[in-house]
Structure formats: structure tokens, C-alpha cells
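Notes to accompany the following structure.
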Amino acid sequence: GSKNLANSAPGKSTIIDWYAKFKRGEMSTEDGERSGRPKEVVTDENIKKIHKMILNDRKMKLIEIAEALKISKERVGHIIHQYLDMRKLCAKWVPRELTFDQKQQRVDDSERCLQLLTRNTPEFFRRYVTMDETWLHHYTPESNRQSAEWTATGEPSPKRRKTQKSAGKVMASVFWDAHGIIFIDYLEKGETINSYYYMALLERLKVEIVAKRPHMKNKKVLFHQDNAPCHKSLRTMEKIHELGFELLPHPPYSPDLAPSDFFLFSDLKRMLA
1 GSKNLANSAP
11 GKSTIIDWYA
21 KFKRGEMSTE
31 DGERSGRPKE
41 VVTDENIKKI
51 HKMILNDRKM
61 KLIEIAEALK
71 ISKERVGHII
81 HQYLDMRKLC
91 AKWVPRELTF
101 DQKQQRVDDS
111 ERCLQLLTRN
121 TPEFFRRYVT
131 MDETWLHHYT
141 PESNRQSAEW
151 TATGEPSPKR
161 RKTQKSAGKV
171 MASVFWDAHG
181 IIFIDYLEKG
191 ETINSYYYMA
201 LLERLKVEIV
211 AKRPHMKNKK
221 VLFHQDNAPC
231 HKSLRTMEKI
241 HELGFELLPH
251 PPYSPDLAPS
261 DFFLFSDLKR
271 MLA
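Count the sequence shown with UniProt numbering and you get residues 1 to 273, in order.
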């Protein structure tokens, strides 16, 4: 009996792998193709693809890039840090080192905003409106009852498992000020945010401010946004001018100077996690 099977029987790890494959609907027990060796993965093509993906969405996660390109998360991280020389700041990819001019721009823009703020602080906060986009993942949180586990007397309480993130996500454009959220736009599936889409959001912002912020009736909006291409296009700049908003400066690669990034979104993600 069992002695004859000993040599040909699959090991425990193999059975676990098979079980996972069967659950995914794969019925073959053959080994799948292995992902390439590190050297094979670091190709000019992959470096360019990763760079393009990050430029399109600076908040992209390593795992999302890895899954899209079918290479390991570690290799993606290696390419980003070693070949593209980037790091994460406030959940966005930025160059590891800023140039002297970029650093000077951070100082100049910060000083300009600080002057406006100190000249009349209450007035600045009354007029200041900011916005940014963020991906919101669909979560399936466990309730306390669902996460309850049996424990023996004296055993430590079980750690509450992190919420399971499902595959779905939605792009939210959040417009807000010192009083709270003015409005949130959720991007429809298949749509992309380009200059025309963003200009329509700015027109909606003007209407929402009139309705929800009566104290702004005869005041000029101090509007703050980051340097995403659709925010900085010539068409968008003309629209901001046409709406009568005063645009505050935002230095390049500085999510740490954007309230949405260093405050609102980080708190929101913490609440969802």
C-alpha cells in the first residue's frame, strides 16, 4: 500500500499549490511558466512601461504594476528605485532627488502662500479651496461578530484581520475647504480625466460654491491644485481665469505640500483600512 506510493506522492507544498489552482478553476497539475530571472525582467521595455504607468498615475501601487506586467513586486520596486531613481512621498511617486531649481521653486511658492496666509489668516481660510484625485478601493470590512474567534482563557485576544480589498476601485475627485467637503465626483467606468472633463468639474465647483458657501458671494476663490497635466493645460488655465479663481502656486513633485495628500487622503485611507 502506502509504502509503494511514498516516492511518487506529491509533497504538502505541491498539494497546497494544486488546491489554490483548482480554486481558481485551473485543472492542470503541470507547473506553470516561471516568471523570468531578475536580469531578464530588467529590460529597457519594462523600464519604459513602468515609467509611463507612473507618469499616468503617480499613486499607482507596486502590486498593480507587477500584476499588469506579470513580473514580481520586488523587481518592480528594484526598477523604480534603481533605474528610475524615484521614491514614494505621501503615496505618490516622485524623483528621489529634486534639482536645485525645483528646490528653490518649493521655497518661493511656499513663501508666497505664507505671505497670503499671514496677511489675513481668517480671510485666507475662508477663501481657500483645494482639490485632488485619489483611487478609492472597494473594501469588504468584517464586522466585530464576523471576526470573532474562540480563544482559551488567558490567551491573547485575536488580532482583527485587515479588511479584504476587492479588485474594484473608483477614481474620486474631491473638492474641499476649511469647512469640509464641497463635492466629490466619482469617475464612471471607462471614462478618463482629461482637460475637458476637469473643466466641467471646475464649472460645477463654481455652482456648488454659490450654493454651499454663501460667505463667498463677493469673494475671489483662492484655488489650489497639483500639477497633473489636465490641471495645467492651456485650456484649463483659461477656464480657471474665466471662472474668476485666483490660482495658488504648487511646486513640482511636492505632494507633501498638498493638503489632500498630507492630510485628507491619508486620514481617509486609514479609516477605510
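C-beta: ideal position from N, C-alpha, C; glycine also.
Alpha carbon to alpha carbon, how far is residue i from residue j?
i: P249; j: L243; result: 17 Å
i: R235; j: I16; result: 56 Å
i: N194; j: K239; result: 14 Å
i: K189; j: Q225; result: 24 Å
i: N56; j: H137; result: 18 Å
i: K206; j: V174; result: 14 Å
i: S268; j: F262; result: Here the sequence assigns Leu to residue 268, which means Ser is not the residue at that position. Spanning the two alpha carbons is a distance of roughly 11 Å.
i: A66; j: D132; result: 25 Å
i: H81; j: R87; result: 6 Å
i: E111; j: I71; result: 44 Å
i: C113; j: E40; result: 48 Å
i: L187; j: N120; result: 36 Å
i: L257; j: R204; result: 25 Å
i: residue 276; j: M53; result: The structure shown has nothing for residue 276, since the chain only spans 1 to 273.
i: E191; j: E64; result: 19 Å
i: Q115; j: R270; result: 32 Å
Pick helix, strand or coil for residue i, following the three-state DSSP scheme.
i: A172; result: strand
i: H137; result: strand
i: L248; result: coil
i: V129; result: strand
i: T43; result: coil
i: S254; result: coil
By Cβ distance below 8 Å, which residues in the same chain neighbour residue i in space, the five residues on each side in sequence not counted?
i: G77; result: L62
i: L69; result: N46, K49, I50, V76
i: E123; result: none
i: E74; result: none
i: K220; result: R127, G244, F245, E246
i: E208; result: F175, I182, F183
i: L117; result: F124
By Cβ distance below 7 Å, which residues in the same chain neighbour residue i in space, the five residues on each side in sequence not counted?
i: residue 314; result: Since the first residue of the chain shown is 1 and the last is 273, residue 314 is not available in this structure.
i: I79; result: V42, N46, I47, I50
i: W135; result: K59, K169, M171
i: Y198; result: C230, H231, T236
i: N227; result: H250, P252
Take residue i and list the residues in its own chain whose beta-carbon comes closer than 6 Å to its own, dropping the five residues that flank it on each side.
i: P251; result: Q105, R106, D109
i: L84; result: H51
i: D185; result: S173, L201
i: P259; result: T130
i: F265; result: T134
i: D44; result: none
i: S216; result: The question names Ser, but residue 216 is Met in the sequence shown. Counting only Cβ-Cβ distances below 6 Å, and skipping sequence neighbours, we find I209.
i: N218; result: none
Would the C-beta of residue i count as close to the ligand ZN, meaning under 6 Å from any of its heavy atoms?
i: Q102; result: Ligands are entirely absent from the displayed structure, and the ligand ZN is therefore not among its contents.
- Query: Considering only residues of the segment 165–245, which uninterrupted alpha helix (DSSP H) runs meet the minimum length of 4 residues and lie entirely inside it, listed in chain order?
  - Reply: Counting whole runs of 4 or more residues, the segment 165–245 contains the alpha helix (DSSP H) stretches 195–212, 229–232, 234–242.
- Item | Given 8 Å, three or more beta-carbon pairs between the segment 176–185 and the segment 199–219 | Remark: three or more beta-carbon pairs, one from each stretch, lie closer than 8 Å, so the segment 176–185 and the segment 199–219 are flagged as touching.
- Does the segment 230–237 come within contact of the segment 99–107, defined as at least 3 CB pairs closer than 8 Å? The segment 230–237 is not in contact with the segment 99–107.
- Task: Write down every uninterrupted run of the alpha helix (DSSP H) in the segment 56–114 whose length is 4 residues or greater and which is fully enclosed by it, in chain order.
- Result: The segment 56–114 contains, as complete alpha helix (DSSP H) runs of 4+ residues, the segments 62–69, 73–78 (chain order).
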